[in-house]
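Heads up, the thing below is written out as C-alpha cells.
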Amino acid sequence: MSDSERFNDHDDGLAVQEAKPKLKKPPMYKVVLLNDDFTPMDFVIEILMEFFGMSEELATRVMLQIHTQGIGVCGTYTKDVAETKVVIVNEYSREHQHPLMCAMEEV
Numbered sequence: 391m392s393d394s395e396r397f398n399d400h401d402d403g404l405a406v407q408e409a410k411p412k413l414k415k416p417p418m419y420k421v422v423l424l425n426d427d428f429t430p431m432d433f434v435i436e437i438l439m440e441f442f443g444m445s446e447e448l449a450t451r452v453m454l455q456i457h458t459q460g461i462g463v464c465g466t467y468t469k470d471v472a473e474t475k476v477v478i479v480n481e482y483s484r485e486h487q488h489p490l491m492c493a494m495e496e497v
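Listed below in C-alpha cells is the structure:
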C-alpha cells in the first residue's frame, strides 16, 4: 500500500468534529475567621499576615471587621487549599491557647 493510499479519506465525505472537553472551574471557598471575646487582636493580625500573606495594614482592617461584624474573609481558594488553611490556622490557634476559629464557606 502506497503512502497516498494509506492517507486517503475513505469515510464517504463524513466530516467529524473533535469534541472539546468541557472544563469547568472548580468551586471556590471563602476562608473566614470568626470573632470571639478572648483572642487578642494582635494574634489575629499575626494569623492574617503569616497564613494569608496580608500586609499589616490590610490585616488590621480585616481584624477590625472580624471584631465589629463577627466574621471576616481571609481569602478565596480551591477546596483543598481552603481546607488546608483552616486546619493550619485552627491548629496554630490551639497551640497558642486561643479559641480563634477559622472556617470555610462555598462561594
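Numbering of the sequence shown is given in the numbering used here, commencing with residue 391 and proceeding in unit increments.
Quick reminder that beta carbons are idealized off the backbone N, C-alpha and C, glycines included.
Check                                                                                                                                                                                             : Outcome
Whether or not the region 414–433 and the region 447–464 are in contact is what I'm after, with contact meaning three or more pairs of Cβ atoms, one per stretch, closer than 8 Å; do they touch? : yes
Please work out which residues of its chain come closer than 6 Å, Cβ to Cβ, to residue 480, disregarding the five sequence neighbours upstream and downstream, and give them in chain order.      : 492
If you compare alpha carbons, which of 494, 496, 497, 488 is closest to residue 433?                                                                                                              : 488
Counting Cβ pairs, one atom from each stretch, are 3 or more of them under 8 Å apart for the region 463–471 and the region 433–453?                                                               : yes
Which value, in whole angstroms, describes the spacing of the CA atoms of residue 416 and residue 444?                                                                                            : 24 Å
Going along the chain, which residues of its own chain have a beta-carbon closer than 6 Å to the beta-carbon of residue 411, five neighbours each way excluded?                                   : none
In the region 444–468, which residue ranges form an unbroken alpha helix (DSSP H) of at least 4 residues, counting only runs that do not cross its ends?                                          : 446–459
Indicate whether residue 497 and residue 431 have their beta-carbon atoms separated by less than 9 Å.                                                                                             : no
Along the beta strand (DSSP E) that carries residue 438, what are the first and last residues, could you check?                                                                                   : No beta strand (DSSP E) contains residue 438, which is instead part of the alpha helix (DSSP H) from 431–442.
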